Amino acid sequence: GDLDKGDFDHFMLKEIFEQPKTISDTYRGRIRPNQNDIVLGGLIDVFPKITAANRIIIIGCGTSWHAALVAEYLIEEYARVPVEVEYASEFRYRKPIIHEGDVVIAISQSGETADTLAALKMAKSKGALILGICNVVGSSIARETDAGVYTHAGTEIGVASTKAFTAQVTVLSLLAFKLAKERSEIDQEFYEMLIGEMLAIPEKLETILVGHPYIKTVAEKYKDAVNALYLGRGYLFPVALEGALKLKEISYIHAEGYAAGEMKHGPIALVDDNLPVVVVSAKDSYYEKVVSNIQEVKARKGNIIAVVTEGDNGLRKMADDLFEVPESHPAVAALLTVVPLQLFAYYIAVMRGCDVDQPRNLAKSVTVE
Ligand code: G6P
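Heads up, the final residue of the sequence shown is numbered 612 in the UniProt record's numbering, and it's a clean run with no missing numbers.
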């Protein structure tokens with residue numbers, strides 16, 4: 244069950260391994276059995292309003308905020324609705340402009356994060372439609388919202404969020420795909436292709452998880468790092484942020500996630516032969532640009548750990564270490580590429596003797612400001 248570790252050393256590792264199941268639990272019943280439509284039961288009544296929205300604002304904290312960023316890229320690219328993503332703690336205090344036609348989506352695993360709850364109440368008072376994506380049923384945020392969709396990740400015990408993140412991205416992807424279809428921005432054939440890509444994720448994740456001993460050997464090489472840099476572009480920029488957050492939270496190594504294109508505006512100054520640089524890549528429109536980022540790091544003797552698509556032999560030659568993930572459509576690549584980074588952070592933290600499930604100074608749910 245959710246409340247015991249079973250054969251795993253830590254809850255975090257168990258929760259990482261549960262992801263093929265928690266992702267399919269999250270989309271099950273929402274993708275029609277004939278696979279030609281997505282139905283989000285909790286949003287049926289309000290979907291016309293979401294479809295007509297002038298703007299979508301997504302708020303959250305920590306890992307939930309990273310899931311929101313993935314949604315921003317997906318919704319803007321496919322549904323063509325302007326999206327703003329904001330930290331709940333900023334949003335609530337800065338007198339944001341909210342109109343009646345706006346839709347505000349709060350993302351929260353616990354449904355109890357104080358800043359997210361307060362930001363939501365504020366948006367509600369301004370007349371926006373308020374939606375929630377929560378994992379804990381009946382939580383404060385779930386109750387405060389007009390409508391919502393639950394992630395079905397089960398109880399998450401590790402303080403560092405893993406399966407809740409991929410469940411959030413799953414729900415947000417379904418929402419983005421459905422919205423794109425309802426707004427006639429994509430045709431039925433493309434819509435069904437995206438649905439098929441989502442359905443294929445759990446099996447692809449299994450192959451990544453089977454490769455965990457290799458990820459552990461790579462972790463061994465980098466466990467004494469003092470700093471680490473994570474780079475990604477497009478949908479994989481939030482994955483870079485999330486990978487860096489995982490490492491920092493549980494291993495206490497200083498890690499920064501950066502949009503790869505911004506590297507030359509600062510982080511490149513840090514690159515030397517002691518700096519591991521994790522580059523998240525996929526066979527997407529950014530591929531060539533990511534390759535040139537890698538060359539820039541190599542020219543300065545940085546160590547490259549690349550998350551790559553299986554069979555990408557070009558990057559194999561350039562990278563010091565490689566985490567391969569099965570090929571997928573870029574729209575779902577975040578769900579695959581984040582998993583090796585969760586495992587990488589986990590093994591490093593264990594090797595450093597850190598309390599992986601209960602990192603110092605952190606709380607599972609921050610219910611006070
Ligand atoms: C804390 C947790 C994080 C989590 C964040 C937001 O910082 O340690 O793992 O991402 O809160 O929590 P929520 O429950 O709102 O998703």
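Every residue gets a Cβ at the ideal spot worked out from N, C-alpha and C, and that includes glycine. Given the structure is predicted, the values throughout are model-derived calculations rather than measurements.
Looking at ligand 1, does it come within less than 7 Å of Leu312, judged from the CB to the closest heavy atom? no
With hydrogens ignored, establish whether the beta-carbon of Lys607 is closer than 7 Å to any heavy atom of ligand 1. yes
Output needed for Val520: all residues of its chain with C-beta closer than 6 Å, excluding positions within five of it in sequence on either side, in chain order. Leu472, Val540, Gly545 and Ile547
Determine whether the beta carbon atoms of Ile293 and Leu484 lie at a separation below 8 Å. no
Tell me where the alpha helix (DSSP H) around Asp564 begins and ends. The continuous stretches of alpha helix (DSSP H) do not include Asp564, which lies in the beta strand (DSSP E) extending over residues Asp564 to Val568.
Which complete beta strand (DSSP E) runs does the UniProt domain "SIS" (461–602) hold, if anything under 3 residues is left out? 470–475, 497–502, 519–523, 546–552 and 564–568
Given 7 Å as the limit, tell me if Thr351 has its C-beta closer than that to any heavy atom belonging to ligand 1. Per the sequence shown, residue 351 should be read as Ser rather than Thr. Yes.
Mind checking whether the beta-carbon of Cys304 lies closer than 7 Å to any heavy atom of ligand 1? yes
Rounded straight-line distance, which links the Cα of Lys424 to that of Ser267: 22 Å
According to DSSP, simplified to helix, strand and coil, what is Gly454? coil
By DSSP, does Arg386 sit in helix, in strand, or in coil? helix
Alpha carbon of Val561 to alpha carbon of Ser351, nearest angstrom: Strictly speaking, residue 561 in this sequence is Met, with Val absent from that position. One C-alpha to the other measures close to 38 Å.
In angstroms, rounded to a whole number, what distance separates the CA positions of Thr413 and Asn536? Looking at the two C-alpha atoms, the distance is approximately 29 Å.
Comparing C-alpha positions only, which one of Gly344, Asp245, Asp280 and Gly249 sits nearest to Thr265? Asp245
Candidates Pro573, Phe254, Asn297 and Asp288, of which the one nearest Tyr426 by Cα: The residue you asked about is not Tyr; residue 426 is Arg in the sequence shown. For Arg426, the nearest C-alpha among the options comes from Asn297.
Please report how far the alpha carbon of residue 209 lies from the alpha carbon of Ala371, in whole angstroms. The question about residue 209 has no answer, for the chain in this structure spans 244 to 612.
Measure the beta-carbon distance from Thr610 to Glu355 and round it to whole angstroms, keeping in mind my assumption that it falls under 8 Å. 5 Å
Across which residues does DSSP place Glu449 in a beta bridge pair? The partner list for Glu449 (beta bridge, DSSP) is empty, contrary to what the question assumes.
Run through DSSP, which three-state label would Ile376 get? strand
Taking all protein chains shown into account, decide if Ala574 is buried (16 or more other Cβ within 10 angstroms of its Cβ) or exposed. buried
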